[in-house]
Structures are given as C-alpha cells and as structure tokens.
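**Q** Quick one: structure below, then a few questions.
Chains as they are written, first to last, in this note's numbering: chain L, 1 to 424; chain Y, 1 to 239.
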C-alpha cells in the first residue's frame, strides 16, 4: 500500500511536474504576450487620445519634428513657445514618470513644481481620466526622442510672475476629472467628456476676460485671444449652436470639415484636419449628441420686417454689384451655394452673426476647407485682399449680411481694416 | 512694400473680369478647384510684364510640389499662399502640382535689357560657363542648356518677371526671408554672386525669348545632383 501510495504520490508529483513543465513555457509566453499586447494597446489608445487632444498641433512647428515643440503662440500676455514633449532626456520629457505627467495634465504643474501657463489648456485637460492620461504618456514615451531645445517664452510683465499665476489659478482653474451624469446616455457623457476635456473646445469657444480667464464655461463664443478670429457660440442658435441640426449633419461637419449648411475655416479647419477627422464614428457621434443638447432653441417670434433707409439701400446695392462680379459664380445668384462644395451664404450664420470678423476675413484671405478623408480634394475661395479695395469689401460683406433674407449690421471700411492680420 | 502695393493696385483693374453666367453644376475638375490660385497665377497675356506673380504653368511638377510644401511648412514665405495651403494634404498638393505642370503656357514677349556690352558679356559667362574660382557652376549646367529647366525639380529661368527674379535673389542672399530648404544649392550659389551680377542677370533673363523644352533628368551631372540632394530627394518633411 505504502509503496503503491508512494508510487502513486510520486507519479502524481511527476505528472504535476510534467504537466507544469509542459505548460510553463507556453503559459509564460502567453502571459508575456498578454502584457505586451496591453502595452501595445495602451500606446495605440494613447496615440488616438493624443489626436483627440491635438497635442501634436501645438507641440510641433510648421514643417518641424512631431512633438518636438517650438511653435510660437502669441497672446496678449506674451509669446509662449511650446516645449519638446518627446522622450529626450535633456530637451524633452525623457526623465518624467507617469506621475509627473499627471501633475502636468491634471494640475498644470511642471516636473520642477513650476505652475504652467494656461496657454497649455490643462484647464480643460484636467477632466481627462488617469487611465487616459497614462495611455497618452505611454504613447509619448514610445516616440523617437528628438534633441531640440526651444527658445524660452517671452512673457510680458507682470504676467511672468508665478504668484500672479497662482492667484489666477485659484480664481479660474477648477481641477477635477470628468464626473459622468447618470441621468444622461453613455453617448452624451462620452461627448461631454471629449468636448470639455481633451477636445478643449472651450479654449477657443469661451469668452475670455482681460486676464484670459474664461467668463463662463458655456462656450458662448468669443474672439480668440491673440488670433484674429471669432470663435462663435456653440450654444446660441444665432451663431454655431447646433440644436436644430441633425446628428448626421453635425458629425459630418466635425469629421470632414464641411456639410450642406456650413464649412469650417481658419483655426477650426485646422482643428478638423489635425484632430477631429481621426476620431472614431462613435466618438464623433457622441460629440454631436452632446453639442446638439447644448444648443438653445431659436426664439420663435418672427422678426419685424425692416424698412431700410434709402442711403442704406444704396450702400447695399453697391455691394450687390461687387457680388455679381466676383462672388456669384461660386456662391450663386441667391446665395444658395453648392452644398458640400461652395457654402451657401443665404441663411449662413457665419455670415450673419453679430461679429462680422470671420466673414470679412474670408473675403480678405480666402481659404480652403481642410483636406480630410471625407473631403480629400476641397474647393477653395480666392483671397481678395489685393484685388478688391476696402470700401468695396465693406459693401459686399454688408450686402451678403442683408440679402436673401439675411439680417446683419452694416460693415465699414474701418471694420475691414481692423480685421487684417494673421499668424503667418 | 510700396512697390508691391503699386503692382497690386495696377492689377486691380486688370483682374476685375466680367462674371460668367452662373452654372448650376460645378465641374469635378482641378481647374475648378484651383480657381483661388488663378486669381494671381493667370495666363501671361493678362499679366503685366512687371507683375510680381510668377508663372507656374508648365514648370516641372516636382519643383512645384516642393514649393507648395515649402510655403505650407514655413520654409518659404508668402502670407496669402501660406493661408490657402495651411490645411492641404501632401497628396492633394501633389495633384495640384501635376495639374499646373501639365498646362501649356503663353509666354510674355521678351523685354530688351538696358545692359552695357561688358555687363552682357559677364552675365553670359555666368550663365554658360560659370566661375570655377568661386566654385560657381554655369547656371545652364543645372537649369538646362536652354535654361528651360530639368526634370523633375529644377525650374526654367525664362519667362519670369524681373521683379519676381529680383525678389528671389533677395530672399536667398539676405537670408532674412527663407526660401526653400537650407542648406540648399541655389541659396548657396546666390550668396556667391555679387550684387552687380544679380542686378544684371535679373534684367538679362527676361530679355530671352522662351523656346525649347524642359530637359530630362539625365541632363544633370551627378555631382550637381549631389549638390542639390536635399531638394532633389523630395524628402517628405513631417508636418
């Protein structure tokens, strides 16, 4: 018995060893594989999230090495130069760990404890979750290190003062990861997270006070600091609120840069090219669901028909002549445009909204919508700054703001001159 | 700047053309898509001889493509074009370059330059013999025997406005305004010329009638191709 049991034990033991020995190496490799997979997956997710945050857009100069920084951002507070965030030890963030990175993205503090300027939109990125932040960091670590030291910021006094920045933060910076609203759908929550967090739409679409603090977080529109563009309200039905658009139309504008009613231009076209066009259908749809829910409804009381004074009528008639000569070919006799190719001007809120800045800029500088997978060969608008004088540009913009049922204030040659300037 | 404003004013009248009847269907062509370019880069017969806008029709495709990338990526500076190209892809710019390269071009009539016989002689020497002492190859060694360019990335020198030529040499020589990649064979050559030589050659070139064709790539000696390798390799630069 003993023997047999001994033999039994022995053979059991052997079996276990054999089985274990036989399984061990495949198990080990499977485990290692699983770990590696999740690393690779994490990096891939990080790459996607970095797109959603458009980190590369700011941290790369025109034609420069990706993520090596050096892009200059002009603001009323001075000129910021984006840092190198490739994993180079000396000039980049090669010595950072994921905690350092979290401190930067979530709290706006650099590795050395310095408060970062909100030209880095950590005021929005603070909503990003820790796993998402870790994935972005893993992705940045996987990039080839680039040795590139960038020039320092040139910040005007008194804004170059850390104590002042500290005060600014206590007043305008609300740290905190996004908290889902359980009463809303998953899509809505995902959209909210992306729009208010990584998408940092607030960075441009929120009115700013003289301190660069946002006056509210409602994305009610404002002139973008240090650029020459007006970012329209994403709430008001008179600007870019989309409560009356279908989800498909909103999604199309965000992912391709153009739809039947509207087209993205200037900095918004750049955001679509660099960031939004790469987002998944689900994420774009989620953003559309959230944006649609934000929009206020249009005031339904009909506008009183106006009687135009004769002088105004004459001024606008001059604009009509300019329109027929230069613009009608593309935008149509009745401002109807060609959907998806040339934007309609009739009923187009980019034309009629209170600030005429963007409409004037379109005429001065022209532009192409972004080349995206959904619209790879866009049609363009010529720049007229050298071909039509300011008084006639003022007339034609006044005309398109008041023709075909449009209603907007008149534009003067001084308005045209004040709209000049570009980052180029 | 004043000079520029003057040219532009002069062009305003020329470019105000009558509208064609609005067509309901927009043609799905590059011709339609490059309308914004044509406002400046029109046919020669509409361009004032002194106009600053260079011809682009019929230039080598690789050269045009390189320039479009240079403007977009900040290696060559001209604000209106930087704005237009800001959100274009490499693929789309390649198509646009091919389109302009394939267009025939109506050349302007030559303008007789006001140069002394001695000046003319010295320009001709530069053009066709170069100056080995200063390590200056003949212009024709790179730009083709007929100065009509060499495939795929060296442009011809004929039919270009005087003001444009002068500005290009200014850009290369002063280094203040970037033009193209650096280091770049053409900027290196432009810096070796004297101001007198530049003044003379930018007058001399518009005096030649345009004739002959773009030469094949094999017209370029290997050592010269080597000298221009950054440009010729068409290195894809990251955006």
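Glycine included, every Cβ here is placed at the ideal spot set by N, Cα and C.
I'd like the list of long-range same chain contacts for residue 219(Y), defined as Cβ closer than 7 Å, with 5 residues on each side in sequence excluded.
**A** Only 144 and 150 meet the Cβ criterion.
**Q** Could you please give me the residues that DSSP links to residue 80(L) through a beta bridge?
**A** Beta-bridge pairing links residue 80(L) to 73(L).
**Q** Please confirm if residue 424(L) has its CB atom under 7 Å from at least one CB of chain Y.
**A** Taking Cβ atoms only, chain Y reaches closer than 7 Å to residue 424(L), which makes this a yes.
**Q** In chain order, what residues of the same chain lie with their CB nearer than 7 Å to the CB of residue 60(Y), ignoring the 5 residues before and after it?
**A** Result list for residue 60(Y): 101, 149, 151, 152, 153, 154, 155 and 214, in chain order.
**Q** Grouping DSSP H, G and I as helix and E and B as strand, with all else coil, what is residue 162(L)?
**A** Here residue 162(L) sits in helix by DSSP.
**Q** Given that residue 82(Y) touches chain L, what residues does it touch there, using C-beta distances under 7 Å?
**A** Per Cβ cutoff of 7 Å: 424.
**Q** Per DSSP, residue 131(Y) forms a beta bridge with which residues?
**A** Paired residue(s): 136(Y).
**Q** Within its chain, find whatever has a CB closer than 6 Å to the CB of residue 357(L); leave out the 5 residues flanking it on each side and keep chain order.
**A** Once the five neighbours on either side are set aside, the close Cβ partners of residue 357(L) are 230 and 419.
**Q** In three-state DSSP terms, what is residue 222(L)?
**A** Looking at residue 222(L) - three-state DSSP - the assignment turns out to be strand.
**Q** Among 368(L), 81(L) and 359(L), which has the Cα closest to the Cα of residue 70(L)?
**A** Considering only alpha carbons, the answer is 81(L).
**Q** So, at 8 Å on beta carbons, what are the nonlocal neighbours of residue 425(L) in its own chain, with the 5 sequence-adjacent residues on each side left out?
**A** In the structure as shown, chain L starts at 1 and stops at 424, and residue 425(L) therefore has no counterpart that could be examined.
**Q** What is the DSSP secondary structure of residue 115(L), counted as helix, strand or coil?
**A** Three-state DSSP puts residue 115(L) in a strand.
**Q** Counting along the chain, where does the alpha helix (DSSP H) carrying residue 124(L) start and finish?
**A** 122-125 is the extent of the alpha helix (DSSP H) around residue 124(L).
**Q** Around the C-beta of residue 201(Y), are 16 or more other C-beta atoms found within 10 angstroms, so that it is buried, or is it exposed?
**A** Per the 10 Å Cβ criterion, buried.
**Q** Whole-angstrom Cβ separation of residue 115(L) and residue 165(L), contact assumed at under 8 Å?
**A** Residue 115(L) to residue 165(L), Cβ: 5 Å. Contact.
**Q** Using a Cβ-Cβ cutoff of 9 Å, what residues of the region 360-394 of chain L are near chain Y? List them in chain order.
**A** Against chain Y - using a Cβ distance shorter than 9 Å - the residues of the region 360-394 of chain L are 365, 366, 367, 368, 369, 370, 371, 372, 376, 377, 378, 379, 380, 381, 382, 383, 384, 385, 386, 387, 388 and 389.
**Q** Using a cut-off of 8 Å between C-beta atoms, extract the partners of residue 32(Y) located in chain L.
**A** What residue 32(Y) touches in chain L: 379.
**Q** Which class does residue 243(Y) belong to by DSSP, given the choice of helix, strand or coil?
**A** Residue 243(Y) is absent from the model: chain Y starts at 1 and stops at 239.
**Q** Based on the DSSP output, what are the partners of residue 375(L) in its beta bridges?
**A** The partner list for residue 375(L) (beta bridge, DSSP) reads 372(L).
**Q** Of the residues that make up the region 56-73 of chain L, which ones have a beta carbon closer than 8 Å to any beta carbon in chain Y?
**A** If the cut-off is 8 Å between Cβ atoms, the region 56-73 of chain L has 60, 61, 62, 63, 64, 65 and 66 near chain Y.
**Q** Using the beta-carbon count (16 or more within 10 Å), is residue 415(L) buried or exposed?
**A** By the neighbour-count rule (16 or more Cβ atoms within 10 Å), residue 415(L) is buried.
**Q** What residues in the region 262-279 of chain L bring their beta carbon closer than 7 Å to a beta carbon of chain Y?
**A** The region 262-279 of chain L vs chain Y, Cβ under 7 Å: 269, 270 and 273.
**Q** Can you grab the Cα-Cα spacing for the pair residue 45(Y) / residue 93(L), in whole Å?
**A** For residue 45(Y), the pLDDT reaches just 44, beneath the cut-off of 50, and the residue's location in the model is therefore unreliable, leaving the point undetermined.
**Q** Tell me whether the beta-carbon of residue 369(L) lies closer than 7 Å to the beta-carbon of residue 263(L).
**A** Going by C-beta atoms, residue 369(L) is nearer than 7 Å to residue 263(L).
**Q** Under a three-way DSSP split, which group does residue 68(L) fall into?
**A** DSSP places residue 68(L) in coil when its eight states are reduced to three.
**Q** Given a cut-off of 7 Å on the beta-carbon distance, is the pair residue 114(Y) and residue 224(Y) in contact?
**A** No, the Cβ-Cβ distance between residue 114(Y) and residue 224(Y) is not below 7 Å.
**Q** With a threshold of 7 Å between beta-carbons, can residue 99(Y) be considered close to chain L, or not?
**A** No - not a single Cβ of chain L is within 7 Å of the one on residue 99(Y).
**Q** Can you give me, in chain order, the residues of the region 51-84 of chain Y that have a beta carbon less than 7 Å from any beta carbon in chain L?
**A** Within the region 51-84 of chain Y, the residues whose Cβ lies closer than 7 Å to some Cβ of chain L are 73, 74, 75, 79, 80, 82, 83 and 84, listed in chain order.
**Q** Take residue 84(Y) and list the residues in its own chain whose beta-carbon comes closer than 8 Å to its own, dropping the five residues that flank it on each side.
**A** Result list for residue 84(Y): 36 and 37, in chain order.
**Q** With DSSP as the reference, please indicate the residues paired to residue 52(Y) in a beta bridge.
**A** None; residue 52(Y) has no bridge partner.
**Q** Tell me whether the region 72-92 of chain L and the region 170-189 of chain L touch, counting them as touching only if at least three CB pairs, one residue from each stretch, are closer than 8 Å.
**A** As far as the Cβ criterion goes, the region 72-92 of chain L does not touch the region 170-189 of chain L, which means the pair count is below three.
**Q** List, in chain order, every chain Y residue whose beta-carbon is nearer than 9 Å to that of residue 400(L).
**A** What residue 400(L) touches in chain Y: nothing, since even the nearest Cβ is about 15 Å away.
**Q** Apart from the five residues just before and just after residue 216(Y), which ones in its own chain have a Cβ nearer than 6 Å to its Cβ?
**A** Excluding sequence neighbours, residue 216(Y) sits near 151.
**Q** Taking the C-alpha atoms as reference points, what is the distance between residue 231(Y) and residue 52(L)?
**A** Going from the Cα of residue 231(Y) to the Cα of residue 52(L) covers about 34 Å.
**Q** As a quick exercise: from 199(Y), 204(Y), 171(Y) and 203(Y), pick the residue whose alpha carbon is nearest that of residue 188(Y).
**A** The shortest C-alpha separation from residue 188(Y) is found at 171(Y).
**Q** Can you find a CB in chain Y that lies within less than 7 Å of the CB of residue 338(L)?
**A** True, the Cβ-Cβ gap to chain Y drops below 7 Å.
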